[in-house]
Amino acid sequence: MTPEKLFHELLGLGLNWEVVESRFERESGTVFLEIGETAKLWELARCPKEGGLVFCYDHTEVLTWRHLNIFQHRCEITCRLPRGKCRQCGHVFRVRPPWEGLSTHFTKEFEAFALLLMREMPMSKVAETVGETDTRLWRMLFRQVEAAYAEADFSNVCCVGVDEMSIRKGHEYLSVFADLVRKRVLFATEGKDQATWLKFVEALEKHNGHRHAITQVSMDMSPAYQCGVRDNCRNAQIVFDKFHVIKNANEAVDQVRRAEVRVGGAGVWEALHKSQWLWRKNPENLTEAEQERLAGIKNKNLCTAKAYQMRLVLQDIYRSAHVGVARRRLQVWCRWVRWVARFYKANLFGSMVKLAQMIENHLAGILAHWKWGVTNAFMEGLNSVFSATKRKARGYRSTTHLITMLYFISGKLRFPQI
Ligand SMILES: [Zn+2]
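Add 575 to the 1-based position in the sequence shown for our numbering, that's all there is to it.
What follows is the structure in structure tokens.
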């Protein structure tokens, strides 16, 4: 068996194509496989427009496709692709070779391999590993994700979570929509306003979903998203998820801490200096040193410690088994916060009172947690998913790059090759 015959078999070229020449270029360490079409190709080729008989019109210049390495050596397929011409309509077209992937520079097998690597490591690292430019690899990923996303089916989507993700600190945002039952990202778009909902609903319906099939939407208390839901999905119940309520409580505690430091007093600064992370943690997650410090601060009877206590109680309310109990305890909690706040000057508890007000205003949505409470975990996870996305797309922070990577990592799309 000649090397050409062997490669013909290994590539699975069939009857229409043959390996004309195989050679190894020592300087660049590259194996070149030159492929040409056989006469057989023209027997079966038909005009892509209306199926008429075609003949070989001419050939393109030499094109190359990166293929999987042979041993440790880079391998490239080269071919002057034939162009056919229709005998009836005169249409001239490029014959599509069976090895070509979705991008014009890579073979199918190489694309599959690169996709596997992209699952595991950042793009820059993949580029380094396979010896290709990031730009080419990104272009390949765009095409793959675009093709797979077009096939995605959203017909079962009924529970949706939405959250805003910051692309850069304090600047641009993406709104990310997720299927909470099948735990996958459905859609992402720039911005965090009401209009993002319309875009989501359009995408949903393009993939066989339906806006009125959505029965539950889990989110933070942003008015823009609430309007978006009301305007677009009439059957959806809004659920303010626990994750965001507790996050708001953490922020409120931090504001109390900052206000208290500002107002000052004996020993306040020493006690609260660099303590913000202490208050964010739950007691069971504190290290021994942190526990000691916290115990010391607690004895000083500071507002921050009281606010922290309030947060812990709020968190405990989420452990209530029944919605009736939760409702009562939330109401009591709000009264308690207001009552405590009255005893302190300079509006030290302002942020906690605001939180209580917010909870009262959104009580129905917060209590919906007890009715549906199954699906919040994925919403919490979304943040870490997005950090992973940013890590993988390091150096490429355009929304297109990030959304493509997000769909690739967590869209649960089907890539037929891998
Ligand atoms: Zn034709």
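Every residue gets a Cβ at the ideal spot worked out from N, C-alpha and C, and that includes glycine.
Closer than 8 Å: residue i CB and nearest ligand 1 heavy atom
i      : result
HIS666 : yes
CYS622 : yes
LEU627 : The identity of residue 627 in the sequence shown is Gly, whereas the question assumes Leu. True, at least one ligand heavy atom lies under 8 Å from that Cβ.
CYS661 : yes
Expected contact under 8 Å - CB spacing of residue i and residue j to nearest Å
i      : j      : result
GLN719 : LEU690 : 6 Å
VAL912 : MET933 : Between MET933 and VAL912 the Cβ distance is about 11 Å, and since that is not below 8 Å, they are no contact.
CYS988 : VAL751 : Looking at the sequence itself, residue 988 is Leu, so the reference to Cys does not match. Wrong, their Cβ atoms sit about 15 Å apart, outside the cutoff.
MET927 : VAL831 : 6 Å
TYR632 : ARG658 : 5 Å
ILE610 : VAL595 : 6 Å
PHE582 : SER597 : 5 Å
Nearest-angstrom Cα separation, counted from residue j out to residue i
i      : j      : result
GLU777 : CYS622 : 36 Å
ARG972 : LYS700 : 16 Å
ARG662 : THR639 : 29 Å
ILE742 : MET576 : 56 Å
ALA841 : ARG903 : 38 Å
ALA921 : ALA824 : 20 Å
ASN874 : ALA827 : 21 Å
LYS946 : LEU712 : 46 Å
GLU765 : LEU749 : 5 Å
LEU585 : GLU675 : 15 Å
ILE993 : ASP709 : 20 Å
ASP897 : SER793 : The question names Asp, but residue 897 is His in the sequence shown. Whole-angstrom Cα-Cα distance: 19 Å.
ALA943 : GLY803 : 18 Å
ARG649 : SER962 : 33 Å
TRP852 : GLU867 : 14 Å
VAL960 : SER985 : 8 Å
VAL843 : TRP914 : 23 Å
ARG855 : THR771 : 31 Å
VAL888 : GLU955 : 20 Å
CYS734 : ASP768 : 20 Å
ILE978 : ARG969 : 13 Å
>> Suppose only complete runs of 3+ residues qualify. What are the beta strand (DSSP E) ranges in the stretch 748 to 830, listed by chain order?
In response: 748 to 754, 759 to 765, 791 to 794 and 812 to 815
>> Which complete beta strand (DSSP E) runs does the stretch 824 to 906 hold, if anything under 3 residues is left out?
In response: none
> Which runs of the alpha helix (DSSP H) fall wholly inside the stretch 641 to 672 and span at least 4 residues, in chain order?
Replying inline: none
> Which runs of the alpha helix (DSSP H), 4 residues or longer, sit entirely within the stretch 954 to 986?
Replying inline: 974 to 985
>> Please give me, in chain order, every unbroken run of the beta strand (DSSP E) with length at least 3 that falls completely inside the stretch 692 to 735.
In response: none
> For the 8 Å Cβ check, are there 3 or more pairs between the stretch 832 to 840 and the stretch 934 to 945?
Replying inline: no
>> Would the stretch 861 to 868 count as touching the stretch 883 to 902 if we require 3 or more Cβ pairs under 8 Å?
In response: no
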